[in-house]
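Undergrad: Numbering (this note's numbering), first residue to last: 4 to 175. Glycine residues also receive a C-beta, built at the ideal position from the N, C-alpha and C atoms. One structure, pasted below without further comment.
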Ligand code: HEC
């Protein structure tokens, strides 16, 4: 069966060039990255665990909730169709917003430079997705999902280039 899926991931290559983060500098080596704030955070989960247990599940739901699918059964939109459905994706977008903060915590942040810009970028893109979900605006929601994806990719490219393969598998 031929199955064509046009979801957010397919538009990413297009948007990559438009990334808001294009101006970011490459990460620089920094000696000290965990300036003490006098406050303690529980950072038992390492960055990889925040990725796989918190951020990726939420963002996958967002990406699976935008775009459309064409298969033997016909054309099907992936967007939520009920208020509850939009509330649900809005909650996943909130997880993305807060993940930006989680990544910026001392003990997780890999530096006090580009890492922080990517983390803030993740929260900002998550806010756009939250707003679009609240307004049930499909076009804006799709764009926000693509923007989230471009932040993931930009940070991975800078800090963990092998990770890009993870997404190639997923996009198939
Ligand atoms: C601020 C930088 C940053 C952002 C933003 C970011 N990541 Fe990551 N990600 C990393 C780093 C660094 C690793 C490698 C962690 C390790 O292996 O120690 C990683 C690893 C991963 C992994 C592999 C985890 C494993 O099993 O080793 C997945 C999956 C992942 N990220 C998903 C995402 C998704 C999805 C997004 C966007 C919604 C995202 N990441 C945004 C920095 C980031």
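1. Taking the C-alpha atoms as reference points, what is the distance between residue 166 and residue 123?
2. Just curious, the alpha helix (DSSP H) that residue 92 is in, first and last residue?
3. Measuring straight from C-alpha to C-alpha, what distance separates residue 31 and residue 84?
4. Under 6 Å Cβ to Cβ from residue 126, same chain only, skipping five residues before and after it: list those, please.
5. By how many angstroms is the C-alpha of residue 69 removed from the C-alpha of residue 147?
6. Does the distance between the C-beta of residue 72 and the nearest non-hydrogen atom of the ligand HEC fall short of 7 Å?
7. Is the closest heavy atom of the ligand HEC to the C-beta of residue 114 under 7 Å?
8. Return yes when at least one heavy atom of the ligand HEC lies under 7 Å from the C-beta of residue 64, else no.
9. Shortest alpha-carbon distance to residue 62 belongs to which of 154, 48, 163?
10. Please indicate yes or no: does the CB of residue 42 lie closer than 7 Å to some heavy atom of the ligand HEC?
TA: Taking the geometry as given:
1. To locate residue 166, count along the chain shown from 1; it is residue 163. To locate residue 123, count along the chain shown from 1; it is residue 120. The straight-line gap from Cα to Cα measures roughly 20 Å.
2. In the chain shown, counting from the first residue as 1, residue 92 sits at position 89. Residue 92 -> alpha helix (DSSP H) spans 86-107.
3. Residue numbering aside, residue 31 sits at position 28 when the chain shown is read from its first letter. Residue numbering aside, residue 84 sits at position 81 when the chain shown is read from its first letter. Low confidence applies to residue 31: its pLDDT is 43, below 50, so where it sits in the model is not reliable enough to give any reading.
4. By 1-based counting over the chain shown, the position of residue 126 is 123. The answer, listed in chain order, is 100, 103.
5. The sequence position of residue 147 within the chain shown is 144, counting from 1. The sequence position of residue 69 within the chain shown is 66, counting from 1. Roughly 10 Å between the two C-alpha positions.
6. Counting from one through the chain shown, the residue named residue 72 turns up at place 69. Incorrect: residue 72 has no Cβ contact closer than 7 Å to the ligand HEC.
7. As a position in the chain shown, residue 114 is number 111, starting the count at 1. No, the Cβ of residue 114 stays beyond 7 Å of every heavy atom of the ligand HEC.
8. Translated into the one-based positions of the chain shown, residue 64 becomes position 61. Outside the cutoff, so no.
9. By 1-based counting over the chain shown, the position of residue 62 is 59. Among 154, 48, 163, the Cα nearest to that of residue 62 is on 154.
10. Here residue 42 is taken as the residue at index 39 of the chain shown, counted from 1. Checking every heavy atom of the ligand HEC against the Cβ of residue 42, none is found closer than 7 Å.
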